[in-house]
Amino acid sequence: MQTRLCLTCDDTAAGYLKAVHATSSPRPEIVPLPARLIRAPIASAQPKHGLPPGGGKTSLPPAVEPDIAGVFSRLGEVERCELYIDPDPNSQLLMTLLLTRALVDGIDHRRLFLVHAPARWGQVDASTPPERVASPTQVEERHLSAAASFWSAYCAPTPEAWLGLRHQDMALFPFLVNARDALLDDLPRRDTGLGACERLALETIGIEGAKVNELFGAFYREPARLIDRPQIVSLLGSLASGAAPLIDGLEGRLGADDVLEDADAWDRFRESRVRLTDVGHKILAGELDFVETHGIDRWWGGTRLTGRQCWRWDHRTRSLAHPAED
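Under the working numbering, the first residue of the sequence shown carries the number 57, and numbering increases by one thereafter.
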């Protein structure tokens with residue numbers, strides 16, 4: 057009897073598959089692997105093709121290492137492993153990480169299948185079987201080597217390798233080009249210093265202000281959704297802090313992982329009506345530079361963006377600006 061393992065990028069996709077297979081016999085094992093790979097510390101000491109010297113284990117982000125290591129320790133026991141991949145950038149990064157790990161561990165690629173959905177799997181109605189959404193693609197050696205080059209580029213200490221990804225490699229994955237572009241756009245822009253997430257937050261608040269719930273909705277509606285609720289909470293806290301806050305009106309200062317700890321505090325937080333400060337209005341209008349005014353200290357893959365000078369993205373020329381150039 058064939059043993060089948062289904063890996064998903066989040067809990068909602070796992071819930072969809074569990075509902076679909078509620079009456080299946082035998083039922084596949086369904087394991088969600090939620091991981092925050094955007095704006096989070098990522099191991100940067102990745103050699104070429106993501107393979108450590110001597111062929112040892114590739115390093116993993118600390119937050120996801122136990123889950124991924126546990127899953128891969130069991131891959132030798134299954135005959136078929138299906139990876140249900142969402143189109144958003146974080147899920148695309150998770151796909152490259154999983155395939156890189158498969159390459160490092162010497163997993164038989166013929167047992168691996170990618171199932172790419174045009175929308176998030178968690179949004180598919182349980183009455184719709186997966187095969188009506190997307191057909192599985194059997195993983196080949198070229199998928200593994202390309203994915204390893206993507207992961208190595210993302211983990212590099214500068215974003216230069218990410219910009220230089222080969223189009224023939226990205227063409228193996230239907231949503232990788234969009235993910236590449238969305239992540240480049242989340243670097244501070246050369247003209248304003250705003251990353252995509254800061255820009256979306258300020259534009260949503262705009263002149264009239266907005267409730268935090270409306271901000272969540274704006275992020276969730278983004279076709280290239282970069283961050284989820286815990287990271288949005290952190291972003292808003294950052295924009296409301298420092299010597300030059302960009303927003304005010306935030307009720308409570310929750311941490312990224314505090315949203316489930318205190319229901320009352322969470323209700324007050326999401327019902328907050330936030331407004332742009334004078335500094336926020338000037339930054340949104342392009343009169344002040346975000347990095348120079350507010351400062352920055354966050355991760356972009358293996359690149360740490362910090363201080364008053366950092367890597368920037370010129371969206372007009374589609375080129376990177378080295379810190380020394382600004």
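Backbone N, C-alpha and C fix where the C-beta goes; we use that ideal spot for every residue, glycine too.
With a threshold of 6 angstroms on Cβ separation, who are the neighbours of residue i within its own chain once the five nearest residues in sequence on each side are excluded?
i, result
"Asn146", "Leu93, Ile94"
"Arg246", "Arg368, Asp370, Ala377"
"Val347", "Pro244, Gly249"
"Asp225", "Ala202"
Does residue i come out as helix, strand or coil in the three-state DSSP assignment?
i, result
"His165", "helix"
"Pro213", "coil"
"Arg281", "coil"
"His77", "coil"
"Glu138", "strand"
"Val189", "coil"
"Pro145", "helix"
"Arg130", "helix"
"Ile263", "coil"
"Trp356", "strand"
Residues in its own chain within less than 8 angstroms of residue i by CB, not counting five upstream and five downstream?
i, result
"Gly71", "Gly178"
"His292", "His is not the amino acid found at residue 292; the sequence shown has Leu there. Excluding residues within five positions, the ones whose Cβ falls inside 8 angstroms are Ala257, Val268, Leu271, Ile303, Leu306, Val330."
"Ala69", "Pro88, Tyr140, Asp142, Arg176, Trp177, Gly178"
Classify residue i: buried if its beta carbon has 16 or more other beta carbons within 10 angstroms, exposed otherwise.
i, result
"Pro174", "exposed"
"Ser294", "buried"
"Pro186", "buried"
"Ile263", "exposed"
"Ser208", "buried"
"Pro143", "buried"
"Gly273", "exposed"
"His350", "buried"
"Ala266", "buried"
"Ala194", "For clarity, residue 194 is Gln in the given sequence; the question names Ala instead. Its Cβ having fewer than 16 others within 10 Å, Gln194 is exposed."
"Asp334", "exposed"
"Pro82", "exposed"
Distance, Cα to Cα, residue i vs residue j?
i, j, result
"Arg374", "Trp218", "13 angstroms"
"Arg157", "Gly305", "44 angstroms"
"Ala190", "Ile339", "43 angstroms"
"Leu155", "His199", "8 angstroms"
"Glu259", "Ser129", "45 angstroms"
"Arg60", "His172", "18 angstroms"
"Gly112", "Glu135", "Because Gly112 carries a pLDDT of 43, less than 50, the predicted location of this residue cannot be relied on, and the following value inherits that uncertainty. Between Gly112 and Glu135, the C-alpha separation is close to 24 angstroms."
"Arg364", "Leu344", "13 angstroms"
"Ala319", "Arg326", "11 angstroms"
"Asp284", "Ala321", "19 angstroms"
Quick check: residue i and residue j, are their CB atoms within less than 8 angstroms of each other?
i, j, result
"Trp356", "Pro215", "yes"
"Leu139", "Leu159", "no"
"Ala13", "Met151", "Any property of residue 13 remains undetermined from this structure, which presents the chain solely from 57 to 382."
"Gly308", "Arg324", "yes"
"Asp241", "Ala252", "yes"
"Cys65", "Leu73", "no"
"Leu89", "Cys137", "no"
To which residues of the same chain is residue i closer than 7 angstroms at the C-beta, ignoring the five residues directly before and after it?
i, result
"Val76", "Ala182, Pro185, Pro186"
"Glu196", "His165"
"Leu221", "Phe206, Ala209, Arg236"
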